[in-house]
Every structure is written in structure tokens, then in C-alpha cells.
Amino acid sequence: MEFSYDNYIKASPDERLNLFMSTLAITNRTPEYYINWEKVIRGTKKFELELNTLNYLIGKSDIYNESFNLFTKQPELIKTIPSLIASRDIVLDILSLDENYNMEFQQLDFKNINTENIKKYVDFCEDSGLLSFLKNNANRSLVDYVYGIEAGLDSNGRKNRSGTIMESILSKNVDKLCAQLDLEHKSQATASYIKKKWGITVPVDKSERRFDEVIYDYRSNNIWIIETNYYGGGGSKLKSVSGEFINLNNFINKSEQNIFFIWITDGKGWNTAKKPLSEAFEQIDYIFNLEMLKEDFLVNLFNIKKTNYKK
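Each step along the sequence shown adds one to the number in UniProt numbering, with nothing skipped, and position 218 is 218.
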């Protein structure tokens with residue numbers, strides 16, 4: 001089958017599925033995927049003054065007492081410790097073992113500093129190896145060191161960032177589409193927003209659901225609901241995802257108003273969940289991937305349906 005919008009939209013569900021599967025993207029990772037520099041800079045700048053003060057401890061031979069004296073004089077410096085040990089938590093639950101392996105549980109709050117017990121914080125710095133690092137291994141600015149830590153911690157956000165990138169790709173395509181065809185749209189719109197803005201009631205499966213994109217054609221009073229996601233890896237979640245969007249499509253189809261659903265999804269993970277995806281193709285008319293966006297399937301859809309498409 002020739003890869004074109006007309007052929008795709010007229011094909012049977014099985015034929016559309018096969019074409020969809022044969023054009024899955026190997027990745028959706030734009031350069032912005034790898035690190036969020038704004039977040040890294042924000043996380044470091046927060047304690048820049050305190051970290052520069054802590055440079056005083058680097059290389060100190062009697063670092064335990066130096067730390068105790070410094071923290072006693074400036075207890076606010078203690079707030080930097082979670083950043084220095086690569087922790088997002090600011091209240092730490094800690095298990096300590098003595099020489100006889102007796103266990104003791106304690107909690108250290110690095111936001112509300114207990115100035116009556118500075119020793120506990122210094123002991124933690126010693127037991128965690130932080131003081132040894134400052135004494136023997138730290139040979140540059142602690143601000144630069146925390147930049148590296150923040151960059152490493154930010155990599156943990158890449159999984160969620162994949163979905164954000166899909167939303168960004170969709171948003172750019174919708175901006176282009178609406179500018180070309182004089183349509184209105186809103187990102188992350190709720191059913192209540194749609195009702196207030198355009199006077200159309202969207203039946204939803206979740207009361208506070210936010211749709212990735214909503215497009216409105218004021219000439220025909222049509223509403224288009226668009227959801228997007230990307231799955232580079234497989235798993236049982238993909239079956240539930242298919243079921244969720246089938247249900248959403250069915251809810252939308254219950255409306256007597258002109259409301260339509262588009263699902264834009266991609267990723268090699270769908271190779272592990274072809275059966276639940278095939279069920280979605282049986283019930284959802286418009287399922288596109290990134291290659292189809294690239295080939296203007298979305299624009300073609302609206303060019304044909306924009307003014308006179310009725311249920």
C-alpha cells in the first residue's frame with residue numbers, strides 16, 4: 001500500500017495497523033530530551049552562596065571540628081548537604097549501626113535545622129563519607145561539583161520527559177495546522193474549559209482529565225480531542241493504555257455534538273503489544289504516529305473535514 005493519507009484512512013483496521021507498525025519511529029528523543037539545563041542551573045543557584053562558603057572546608061586536616069565550628073556559626077549551610085550527597089529529599093530517615101550491629105533509627109531535617117544538635121548533622125556528614133571527600137578528594141569549587149550532581153539527578157527525569165516531548169511535537173504541529181486553517185486550539189484543556197470557552201459538553205471518563213490538545217472549528221462547531229504518548233519499551237502498561245483510549249473514544253462518541261478523537265502514539269514498545277493496539281484500531285478512527293505527522297496526515301484530515309464533517 002502506498003504510504004499516503006487517503007490510502008491509510010480508507011484502509012481496513014488491520015491494514016491501517018500494519019502500516020502504522022511498519023512506520024514506528026526508532027526514537028522521539030530530541031536534543032532537549034537529555035538534560036533540562038534550566039532545572040540544573042536552578043537547583044545549583046539555590047545554594048550558590050552557601051556552597052562557596054563551604055569551599056572553606058576543602059582540604060582541611062581537622063575537618064570534623066572545622067565543620068562543627070562552621071555549622072555552629074552558620075547553621076543555614078547545613079541545608080546544602082542533601083545536594084552534596086545527591087538527594088532530592090530534605091528530610092532523611094537514617095538507620096545507624098554501632099560496632100555491635102545495634103540498630104538505631106533517626107530522622108534529620110535539612111530544611112528546619114535543629115541548631116541544638118549540630119553534632120548529629122556533622123556525624124552524618126562523617127558517616128556518609130562527605131567529610132572524607134571534602135578533605136581528600138574535593139579539589140575544585142563545590143558549586144561546579146553540585147552542577148554535576150544536578151545534571152546526574154536530572155537524568156532520572158528522562159522517562160517522563162519522553163511524554164513531554166511528544167506533547168511539544170504535537171503542540172507545534174497543531175500551531176501550524178490552526179494557523180493554516182484558521183482554527184482555535186488549547187493545550188491541556190479540561191471539559192469544563194471547553195464548555196466555558198466554546199459551549200460544547202465533552203463527556204469524559206475522568207472528571208479532571210486534561211486533554212493534550214483540543215481543536216475547535218467555529219464554522220462547523222466541531223471539537224477535536226487529541227491525546228499523545230510514546231513508548232520506547234514494552235510492558236503490561238501498553239495493554240491498559242490501549243484500553244484507556246478505547247474507553248475515552250467511546251465516551252466521546254456518546255455525545256450528540258460533533259466531537260471527535262485523535263490518538264497520536266509511537267515507539268517500538270508497541271511491537272510487544274500489537275494485540276491490544278489492534279483492538280484500538282478496530283474502534284478508533286484516527287490513530288497516527290510521528291511519521292504520519294511528518295507526512296501531514298493531520299493537516300490532510302482537517303483539510304477534508306474542517307467545515308462540514310458531521311456525525
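Idealized CB from N, CA, C, for every residue including glycine.
{"Item": "Classify N222 as buried or exposed, calling it buried when 16 or more other Cβ atoms lie within 10 Å of its own Cβ.", "Value": "buried"}
{"Item": "Please classify N308 as buried or exposed, where buried requires at least 16 neighbouring CB atoms within 10 angstroms.", "Value": "Because N308 sits at a pLDDT of 49, beneath the cut-off of 50, its placement in the model cannot be relied upon, and the point is left open."}
{"Item": "Reducing DSSP to helix, strand and coil, say where R42 ends up.", "Value": "helix"}
{"Item": "Within this structure, are the beta carbons of Y121 and L84 separated by less than 9 angstroms?", "Value": "no"}
{"Item": "Measuring CB atoms only, is the region 174-181 touching the region 200-217, in the sense that at least three cross pairs come out at less than 8 angstroms?", "Value": "yes"}
{"Item": "Which residue wins for smallest C-alpha separation from T190, given the options K79, T201, L183?", "Value": "T201"}
{"Item": "Excluding the five sequence neighbours on either side, which residues of its own chain have a C-beta within less than 8 angstroms of the C-beta of E99, listed in chain order?", "Value": "none"}
{"Item": "Alpha carbon to alpha carbon, what distance is there between Y33 and F68?", "Value": "41 angstroms"}
{"Item": "Threshold first: 4 residues or longer. Then list the alpha helix (DSSP H) segments lying entirely within the region 211-253, N to C.", "Value": "237-253"}
{"Item": "In terms of alpha-carbon separation, which member of P276, F260, A86 lies closest to L130?", "Value": "A86"}
{"Item": "Just the C-alpha distance for I226 and L57, rounded to the nearest angstrom, thanks.", "Value": "55 angstroms"}
{"Item": "Taking the straight line between their C-alpha atoms, what separation do you get for E126 and N117?", "Value": "15 angstroms"}
{"Item": "Taking Cβ to Cβ, would you say G199 is nearer than 9 angstroms to G233?", "Value": "no"}
{"Item": "Apply the 10 Å Cβ neighbour rule to L95 and answer buried if 16 or more other Cβ atoms are within range, or exposed otherwise.", "Value": "exposed"}
{"Item": "Would the beta-carbon of V241 fall within 9 angstroms of that of N250?", "Value": "no"}
{"Item": "Establish whether the CB of S128 and some CB of chain D are separated by less than 9 angstroms.", "Value": "The structure shown has no chain D; it contains just one protein chain."}
{"Item": "Exposed or buried, what is W270 when buried is set at 16 or more other beta-carbons lying within 10 Å of its beta-carbon?", "Value": "buried"}
{"Item": "Across which residues does DSSP place A189 in a beta bridge pair?", "Value": "F211"}
{"Item": "Within 10 angstroms of its Cβ, does D14 collect 16 or more other Cβ (buried), or is it exposed?", "Value": "exposed"}
{"Item": "On the DSSP letters alone, give me the boundaries of the beta strand (DSSP E) that E291 sits inside.", "Value": "Counting along the chain, E291 falls outside any beta strand (DSSP E), though it belongs to the alpha helix (DSSP H) covering 290-294."}
{"Item": "Please identify the residue among K111, Y8, W37 whose C-alpha is closest to the C-alpha of I149.", "Value": "W37"}
{"Item": "Kindly indicate the opening and closing residues of the alpha helix (DSSP H) around L95.", "Value": "L95 -> not in any alpha helix (DSSP H); beta strand (DSSP E) instead, spanning 91-97."}
{"Item": "Do R42 and I287 have their C-beta atoms closer together than 9 angstroms?", "Value": "no"}
{"Item": "Once DSSP output is grouped into helix, strand and coil, what is the label at R110?", "Value": "Just to set this straight, residue 110 is Phe in the shown sequence, not Arg. Reduced to three states, the DSSP call for F110 is coil."}
{"Item": "Just the C-alpha distance for N156 and F281, rounded to the nearest angstrom, thanks.", "Value": "33 angstroms"}
{"Item": "Taking DSSP as the reference, what is the three-state secondary structure of I262?", "Value": "strand"}
{"Item": "How long is the line joining the alpha carbons of S22 and K274, rounded to whole angstroms?", "Value": "12 angstroms"}
{"Item": "According to the Cβ coordinates, are L134 and L293 closer than 9 angstroms?", "Value": "no"}
{"Item": "When you compare only the Cα positions, how much space is there between K310 and F302?", "Value": "Only weak support is given to the placement of K310: the predicted model assigns it a pLDDT of 47, under 50, and the question is left unresolved by the model."}
{"Item": "Quick one, which of N102, F47, T272, N300 has its alpha-carbon nearest G235's?", "Value": "T272"}
{"Item": "Beta-carbon within less than 6 angstroms of N300's beta-carbon, same chain only, minus the 5 sequence neighbours each way: which residues are those?", "Value": "Y5"}
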